[in-house]
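**Student:**
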Amino acid sequence: MAEWTRGLHRIVTIPAVYDAIQRALGGPQARIGVARRLFADAEGKSVLEVGCGPGTWAPYLASARAYLGVDWNPAHIELAKRNFGRETTRFICGDLNDPATIPNDSLFDIVVGIGILHHLDDEIADRVMQRIATLLTPTGHFIGLEPVYHPRQNPIAKLLKFCDSGRNIRTEAGYRGLMDPAFGQIQTEIVTDLMRVPYSHCILRGSRG
Numbered sequence: 001m002a003e004w005t006r007g008l009h010r011i012v013t014i015p016a017v018y019d020a021i022q023r024a025l026g027g028p029q030a031r032i033g034v035a036r037r038l039f040a041d042a043e044g045k046s047v048l049e050v051g052c053g054p055g056t057w058a059p060y061l062a063s064a065r066a067y068l069g070v071d072w073n074p075a076h077i078e079l080a081k082r083n084f085g086r087e088t089t090r091f092i093c094g095d096l097n098d099p100a101t102i103p104n105d106s107l108f109d110i111v112v113g114i115g116i117l118h119h120l121d122d123e124i125a126d127r128v129m130q131r132i133a134t135l136l137t138p139t140g141h142f143i144g145l146e147p148v149y150h151p152r153q154n155p156i157a158k159l160l161k162f163c164d165s166g167r168n169i170r171t172e173a174g175y176r177g178l179m180d181p182a183f184g185q186i187q188t189e190i191v192t193d194l195m196r197v198p199y200s201h202c203i204l205r206g207s208r209g
């Protein structure tokens, strides 16, 4: 991992604080907009969310045939289970790269990763991308959303990224470089209208073929 987990940055590991920050920066309307943009084709599909936190995005993937959320933080997983767990929506605590967490023969139509790569250094992020590719069905795809650096960025967006606990916010080219070895087809797009405050995200899409 490559993130700040000391001092003020440590508070984001507390579920209630994590959720409060998410609401302050985006709020429910922003989440709805993100979900419409990213999850439009999730209905009836099997979905894996990597780094699901306290289940923030699970309600927006309720139309999936089956949803599995994975996160390393047990406090987040327990909260997600209490709030959103049901027969078709499950949460587990563990390491994505450990086959004991997700068996190698488990395949998903969509793998979602919202804000995970900027918490990982290149070596770990590369392994995560490789692992995600092996968990996709032949016609499946990965969808991700990450903070991004780019020219002529709003100063407020730069400040917010400086305060982020993730230490590996990349450029668009940097994210493409992480995805390139794992996916046969890659699409990236920088967007600046997903939050109620000035901010820049990179939408990542990758498929095996």
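Numbered per the UniProt record's numbering, the sequence shown spans residues 1 to 209. Beta carbons are placed, not taken as given, at the ideal position from N, Cα and C, and that holds for glycine. These numbers come from a predicted model, not from an experiment.
I want to know whether the region 73-93 touches the region 121-141 - three or more CB-CB distances under 8 Å.
**Tutor:** Taking 8 Å as the limit for Cβ pairs, the verdict is that the region 121-141 does not touch the region 73-93.
**Student:** Tell me whether His-150 is buried or exposed, calling it buried when 16 or more other Cβ atoms sit within 10 Å of its Cβ.
**Tutor:** Counting from one through the sequence shown, the residue named residue 150 turns up at place 150. Exposed is the call here.
**Student:** Compare the Cα-Cα distances from Asn-83 to each of Thr-192, Gly-53 and Ala-66 and report the closest residue.
**Tutor:** In the sequence shown, counting from the first residue as 1, residue 83 sits at position 83. Per the Cα distances, Gly-53.
**Student:** Which same chain residues, not among the five before or five after Ala-62, have their C-beta less than 8 Å away from its C-beta?
**Tutor:** By one-based count along the sequence shown, residue 62 stands at place 62. Cβ neighbours of Ala-62 beyond the five flanking positions: Thr-89.
**Student:** Where do the ends of the alpha helix (DSSP H) carrying Thr-134 lie?
**Tutor:** Here the question's residue 134 lines up with position 134 in the sequence shown. Counting along the chain, the alpha helix (DSSP H) containing Thr-134 begins and ends at 122-134.
**Student:** Between Glu-146, Leu-145 and Gly-113, which has its C-alpha nearest Arg-131's C-alpha?
**Tutor:** Translated into the one-based positions of the sequence shown, residue 131 becomes position 131. Per the Cα distances, Gly-113.
**Student:** Which residue from Ile-110, Gly-206 and Glu-189 puts its Cα closest to that of residue 214?
**Tutor:** Because residue 214 is not part of the residues shown, which for the chain are 1 to 209, the question remains open.
**Student:** Suppose only complete runs of 3+ residues qualify. What are the beta strand (DSSP E) ranges in the UniProt domain "Methyltransferase" (47-140), listed by chain order?
**Tutor:** Runs of the beta strand (DSSP E) inside the UniProt domain "Methyltransferase" (47-140): 66-71, 89-93 and 108-114.
**Student:** In whole angstroms, what is the alpha-carbon distance linking Asp-121 and Leu-178?
**Tutor:** Position 121 of the sequence shown, counting from 1, holds the residue named residue 121. Position 178 of the sequence shown, counting from 1, holds the residue named residue 178. Answer to the nearest angstrom: the Cα atoms are 10 Å apart.
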